[in-house]
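Structure record follows, encoded as structure tokens.
There are 2 protein chains.
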Amino acid sequence: MPAATGGRPPVMADVAKLAGVSAQTVSRVLNDHPNVSVRARDAVLAAITELGYRPNAAARTLVTRRTRTLGVISFDTTLFGPASMLHGIERAAAGEYFVSIASLPALDRAGVLGAVDRLLEQGVDGIIVIAPMKSAVDACGSIRHGVPLVAVGCGTQASLASVAVDNGAGAALATRYLLGLGHKTVHHIAGPRAWLDAQERIAGWRSALREAGAPAPELVAGDWSSASGYRIGQGIGDDLEVTAVLCGNDHMALGLIRALAERGKKVPDDISVVGFDDIPESGYFLPPLTTVRQDFGALGRHALGVLVAMIDGQPAPQACLRVPPQLVDRASAGPPGRAGTPR
Amino acid sequence: MPAATGGRPPVMADVAKLAGVSAQTVSRVLNDHPNVSVRARDAVLAAITELGYRPNAAARTLVTRRTRTLGVISFDTTLFGPASMLHGIERAAAGEYFVSIASLPALDRAGVLGAVDRLLEQGVDGIIVIAPMKSAVDACGSIRHGVPLVAVGCGTQASLASVAVDNGAGAALATRYLLGLGHKTVHHIAGPRAWLDAQERIAGWRSALREAGAPAPELVAGDWSSASGYRIGQGIGDDLEVTAVLCGNDHMALGLIRALAERGKKVPDDISVVGFDDIPESGYFLPPLTTVRQDFGALGRHALGVLVAMIDGQPAPQACLRVPPQLVDRASAGPPGRAGTPR
DNA sequence: AGAAGCGGTGGGAGCGATAACAATTCGGAT
DNA sequence: ATCCGAATTGTTATCGCTCCCACCGCTTCT
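So the protein lines, in turn, are chains F and P.
Counting in my numbering, the first sequence runs from 1 upward without gaps.
Counting in my numbering, the second sequence runs from 1001 upward without gaps.
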């Protein structure tokens, strides 16, 4: 392997000497500046490959004040949604920016602020916060520093640059769909109150119900987990009034279906179930789950787009970019069946 | 807000001036060097908070040659395993190191080498490669640079610093368990050939079979997806010989169970099914899935530990640190039932 | 009493790159 | 032949920090 002087990695001056030009010219070649003769450029390029030269990012950053690094703050990158968004961001950024992640044990104000601080210390050019909870959005709003920052998956109401799936529309879509199948009303297993997605889905569900003149059943809330869906399902399974349930996410739908099955209730014959998210497995549930798809990847890509625009000096949009969700019709929902409501 | 001179962020000299000391002393306070009087330290600390000073990472890196940043290369951070490992790494690194991710569209040699290059350009202190495929491990082996690098989830045979779940032991564990239940043999739906985990599970399964003197059925392989499990299940559902199936992962088990259900086969009465991974949902499948748990989080933490040791100058271990898997007994496996094999 | 040891401190030299500016060359217009 | 301006190249001054070394004032040893 080519070593420059001593064992240390080659620096720009080494390249310059080998190519017979000045360091400045090497810099110009590296940064695609105009006005470099082909002769010089070729010599530099040859020297670079011969030496295995790699520019020192720290030195460059010191003078340009840009790290070409983005920070992503997330709550739990193990969950399907955050993981997908992160992946979408990373894929979209590849080549343009590095992405550094900061995942939090809890999405409270202090946690978010602390993570922003850590990333700032690292010198990121911009930050994307995967902020599904109100506390996180509030924290974002109170950040004083001038860092470009966009929130994603944060509800559609926040007054900061943000990108989110239109949860309200999605829930309404699913609710109308079930109503259209002939159900008198639709029950809803919501996510935790603190989550904006959960709140917006509740609102969408309620408004679709009201619009159709259907009675609004009492709300029950789980915690997104299959376990909570299962627990709630044990109650629902005994309630003869219930013919259709919209679940806050696919995992809870899975738990619900299992609880129903254990009580001898068939889906969709006795009860229709619709999920939310469209995780990769949901097409293979028993029965395959009808659900509302969120395109998390697109969310990530859009968030990156907005952020990069801000980094490049465009003013921060104060509104939310909404990504429309989509109903995926599989087999877990149908007309109120043979075992329909008694009344 | 406290502004130093002009609008620009305060630098060490500003802190020094305000505290009435030299920049050198500020640096000493920041880096916890001994021999700083409490008076000086307090003055510096006060100045720092008053100014809202934040050390410039690039400048520090330029001289120390450490970025306190780690790179993680991964194939698809959307999958449960990689996402969990990444999360484990990140949580374990929090505070000590930043983690920068590079996810690849494909885990081939060129992709891995390219990602290593990108990270090196960024100046990472070390790299963790989530390398479940042979091609990735080979690529790691051929990296000439002196960067500390550890592979994780890469099979247990690689001759480089690595951390992995003992797949062979896990598969053998599950196979013996099924055999112990009274099954004459155990079928296996493997993952793709190119994946080391898949190969090692196959080996573990085969050896447990051999050990017990059980016949080794023909191998079928899926692609980890529920869809492939479903497809394969359509064949298995018609095969009366099959009483027990070990699946390469939980997703394929899910697909298999659905295919079986559609053909009227009951799990575990007609066929026992055991998965691998223990994804959060598998306890809520119908029936709840008996599976082999991999502690991905621990994997990530251990990988970080090994890497940090290497960064701190310890010699790279040439072997694999094995994390033992664990059988989680739920309801999808039982003794060969009333509908047992005809012979 | 002088030398040596020590905690505490500051001064200056880089680290490796880019930006601003200055300098050189060359062709063509005057 | 002289001058001008564009193209190309080099020189110098930072960027913000840490390291090395010298230095101060004291106590402690010989």
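Every residue gets a Cβ at the ideal spot worked out from N, C-alpha and C, and that includes glycine.
| Query | Result |
| --- | --- |
| Check distances from the C-beta atoms of the stretch 282-294 of chain F to those of chain P and list, in chain order, the residues that come in under 8 Å. | G283, Y284, F285, L286 and P288 |
| Distance check for G1153 of chain P and L107 of chain F, CA to CA, integer angstroms please. | 29 Å |
| By Cβ distance, which residues of its chain are closer than 7 Å to G340 of chain F, with the 5 residues on each side in sequence left out? | At G340 of chain F, the pLDDT of 41 sits below 50, so the modelled position is not reliable; the number obtained from the coordinates is stated separately. Within the same chain, G340 of chain F has close Cβ partners T243. |
| Which residue's Cα is closest to the Cα of I1271 of chain P: P:R1068, P:A1333, P:R1054 and P:V1137? | P:A1333 |
| Determine which residues of the stretch 94-109 of chain F have a Cβ less than 7 Å from any Cβ of chain P, and write them out in chain order. | F98, V99, S100, I101 and S103 |
| Who does G275 of chain F pair with in a DSSP beta bridge? | F:T291 |
| Pair every Cβ in the stretch 284-300 of chain F with every Cβ in the stretch 72-89 of chain F, then say whether three or more of these pairs are closer than 8 Å. | yes |
| May I ask you to verify whether the stretch 1067-1076 of chain P touches the stretch 1095-1107 of chain P, counting CB pairs closer than 8 Å and requiring at least 3? | yes |
| State the DSSP-derived secondary structure class of S37 of chain F, mapped to helix, strand or coil. | coil |
| Among the candidates P:L1179, P:I1232, P:K1017 and P:A1198, whose CA atom is the shortest distance from the CA of A1212 of chain P? | P:L1179 |
| Identify, in the order they occur along the chain, each residue of the same chain with its Cβ nearer than 6 Å to the Cβ of Y1053 of chain P, setting aside the five sequence neighbours on each side. | P1010 and V1015 |
| If we define contact as Cβ-Cβ less than 8 Å, is E50 of chain F a contact residue for chain P? | no |
| Quick one: which unbroken alpha helix (DSSP H) runs of 4-plus residues sit fully inside the stretch 210-282 of chain F? Chain order, please. | 226-236 and 250-262 |
| My output table needs one value for L79 of chain F: the three-state DSSP class, helix, strand or coil. | coil |
| Please confirm if the stretch 161-173 of chain F is in contact with the stretch 186-200 of chain F, defined as three or more CB-CB distances below 8 Å between the two stretches. | yes |
| Would a C-beta distance cut-off of 8 Å place V1292 of chain P and L1327 of chain P closer than the cut-off? | yes |
| Could you tell me the distance, in whole angstroms, from the CA atom of G1020 of chain P to the CA atom of A1043 of chain P? | 8 Å |
| Quick one, are the C-beta atoms of A362 of chain F and L1062 of chain P less than 8 Å apart? | What is shown of chain F runs 1 to 343, which leaves residue 362 of chain F out entirely. |
| I'd like to know if H188 of chain F contacts chain P, where contact means its C-beta is closer than 8 Å to some C-beta of that chain. | no |
| In chain order, what residues of the same chain lie with their CB nearer than 7 Å to the CB of I311 of chain F, ignoring the 5 residues before and after it? | D125, G126 and P148 |
| Buried or exposed: where does T415 of chain F fall if 16 or more other Cβ atoms within 10 Å of its Cβ makes it buried? | There is no way to answer for residue 415 of chain F, as the model of chain F reaches only from 1 to 343. |
| Could you compute how far the alpha carbon of A1190 of chain P sits from the alpha carbon of A1221 of chain P? | 4 Å |
| With 8 Å set as the bound, which would you pick, yes or no: does the beta-carbon of Y1230 of chain P sit closer than that to a beta-carbon of chain F? | yes |
| Quick one: is the Cβ of I202 of chain F within less than 7 Å of any heavy atom of the ligand ZN? | Of the ligands one can find in the structure shown there are none, so the ligand ZN has no counterpart to examine. |
| Which of helix, strand or coil does DSSP assign to V112 of chain F? | helix |
| Please check if any C-beta of chain F sits within less than 8 Å of the C-beta of L1219 of chain P. | no |
| Name the DSSP beta bridge partners of I1127 of chain P, please? | P:G1071 and P:L1149 |
| Would DSSP call R322 of chain F helix, strand or coil? | strand |
| Between H1183 of chain P and chain F, is any beta-carbon pair separated by less than 8 Å? | no |
| Output needed for A1003 of chain P: all residues of its chain with C-beta closer than 7 Å, excluding positions within five of it in sequence on either side, in chain order. | In this prediction, A1003 of chain P has a pLDDT of 41, which is less than 50 and means its spatial position is unreliable; nothing more can be read from the coordinates. |
| Say whether the stretch 1256-1268 of chain P touches the stretch 1233-1240 of chain P, bearing in mind that this needs 3 or more beta-carbon pairs closer than 8 Å, one atom from each stretch. | yes |
| Answer with buried or exposed for Q1314 of chain P, where buried requires no fewer than 16 other C-beta atoms within 10 angstroms of its C-beta. | exposed |
| Where does the unbroken beta strand (DSSP E) through F98 of chain F begin, and where does it stop? | F98 to S103 |
| Find the residues of chain F that neighbour H1415 of chain P, judging by a C-beta separation of less than 9 Å, and give them in chain order. | This structure cannot speak to residue 1415 of chain P, because chain P is shown only from 1001 to 1343. |
| Below 7 Å CB to CB, which residues in the same chain sit around K134 of chain F once its five sequence neighbours on both sides are set aside? | A194 and L196 |
| Determine, using beta carbons only, whether P1325 of chain P and A1216 of chain P come nearer to each other than 8 Å. | no |
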